[in-house]
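Everything below concerns the one structure shown next.
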Amino acid sequence: MDADARSDGTMWDRRFGEAIYAYGKEPNAWLKQQIEPPIDYGNNLALFPADGEGRNAVWAASLGWNAEVFDLSSEGNKKCQQLAKERGVIVKYEIADLVEKAFDEPKYNLLACSWFHTPSAIRKKHLPRMLHCLTPGGSFIMEGYHTSQMPLTSGGPKSLELLFDLDELLEELCGPLAPNMKVVHASVDSTNLDESELHRGHARVVRLHLIRDV
Ligand SMILES: C[S@@+](CC[C@H](N)C(=O)[O-])C[C@H]1O[C@@H](n2cnc3c(N)ncnc32)[C@H](O)[C@@H]1O
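Start counting at 1 in the sequence shown, then tack on 74, and there's your number in my numbering.
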């Protein structure tokens, strides 16, 4: 696939158009473990790329972050606003495609995503580019399915092209298209997911915590 090809949000709109929250209402466990309340950042801005129904952004907003989301899905936005209302917080949600979004301004102290799988050509070019919107010292935290998830039934895309290989991912995120990034944590783990019917059971995941160098 062309690295600048637009993605189609129709499938996600269908999934998020259901009454149930596809991945639950609680935050992803790895993000929850890694994200702390903002303490001494100027604007406390946090961006949640591809946050779907907004569960991670809503939770971070409840910790005191000024949480923003970008995602393809307008149905995701509706669910996010519903959850934010339930929890008494505000989340700014932009309907946008990773390949078209500008990331030139380094204004986010935190960038965090779960299960943001894109075709490899898009990932290689646009995930490192996305890191430029982090402030120096800001964190990038993510969890995604590892290539060894292929035979397992606990969720994720059934295509090697969309799954993460840790070495390849680190090369991309610490490579020439990215700002200077320091690795705080990078692992391939076996875990027991319990997010929803779609993400339940034994899974193989990649977990990252990187920091933009000053
Ligand atoms: C598996 S869902 C994960 C949702 C959310 N991160 C969570 O863990 O609950 C993947 C999300 O990625 C979004 N997505 C996929 N490709 C995208 C792109 N190119 N730009 C923006 N969002 C995208 C989809 O709309 C969907 O919300």
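Built from N, CA and C at the ideal position, the CB exists for glycine as well. As the structure is a computational prediction, the values presented were derived from the model and not from experiment.
Problem set entry | Candidates 101, 156, 79: closest to residue 215 by CA position | Comparing Cα positions, the closest option is 101.
Exercise. What is the DSSP secondary structure of residue 256, reduced to helix, strand or coil?
Worked result: Reduced to three states, the DSSP call for residue 256 is strand.
Problem set entry | Minimum C-alpha distance to residue 148 - residue among 229, 258, 248, 169 | Closest by alpha carbon: 169.
Exercise. Quick one: what's residue 169 bridged to in DSSP?
Worked result: According to DSSP, residue 169 bridges with 145.
Exercise. Using DSSP with H/G/I as helix, E/B as strand and the rest coil, what is residue 221?
Worked result: If DSSP states are grouped into helix, strand and coil, residue 221 belongs with the helices.
Exercise. Between the region 244–261 and the region 280–288, do three or more beta carbon pairs fall short of 8 Å?
Worked result: Taking 8 Å as the limit for Cβ pairs, the verdict is that the region 280–288 does touch the region 244–261.
Exercise. Cβ of residue 144 versus every heavy atom of ligand 1: is any distance shorter than 7 Å?
Worked result: Under cutoff, so the answer is yes.
Exercise. Tell me which same chain residues have a C-beta within less than 6 Å of the C-beta of residue 229, skipping the five on either side of it?
Worked result: Here the set comprises 272, 273.
Exercise. If you draw a straight line from the alpha carbon of residue 87 to that of residue 180, how long is it in whole angstroms?
Worked result: So the two alpha carbons sit approximately 30 Å from each other.
Exercise. Which residue from 255, 265, 267, 219 puts its Cα closest to that of residue 284?
Worked result: Ranking 255, 265, 267, 219 by Cα distance to residue 284 puts 255 first.
Problem set entry | Distance cut-off 7 Å: residue 190 Cβ against heavy atoms of ligand 1 | Yes - ligand 1 has a heavy atom lying nearer than 7 Å to the Cβ of residue 190.
Problem set entry | residue 81 vs residue 145 beta-carbon contact at 8 Å | Against a cut-off of 8 Å, the Cβ pair of residue 145 and residue 81 comes out as no contact.
Exercise. Roughly how far, in whole angstroms, is the beta-carbon of residue 243 from the beta-carbon of residue 202, given that I think they are within contact range, below 8 Å?
Worked result: Contact doesn't hold; Cβ gap of about 10 Å is too wide.
For this session: Give the secondary structure of residue 202 by DSSP, where H, G and I count as helix, E and B as strand, and everything else as coil.
Result: Three-state result, residue 202: helix.
For this session: In angstroms with no decimal places, state the Cα-to-Cα distance between residue 127 and residue 212.
Result: Going by the C-alpha atoms only, they are around 24 Å apart.
Exercise. Which value, in whole angstroms, describes the spacing of the CA atoms of residue 270 and residue 276?
Worked result: Whole-angstrom Cα-Cα distance: 13 Å.
For this session: Report yes if the C-beta distance between residue 154 and residue 167 is below 8 Å; otherwise report no.
Result: Going by beta carbons, residue 154 and residue 167 fall inside the 8 Å limit.
For this session: Report the rounded CA-to-CA distance for residue 176 versus residue 207, giving the unit in angstroms.
Result: Cα to Cα, the separation comes out at about 9 Å.
Problem set entry | Spatial distance of residue 119 from residue 110 (CA atoms) | Those two C-alpha atoms are separated by around 13 Å.
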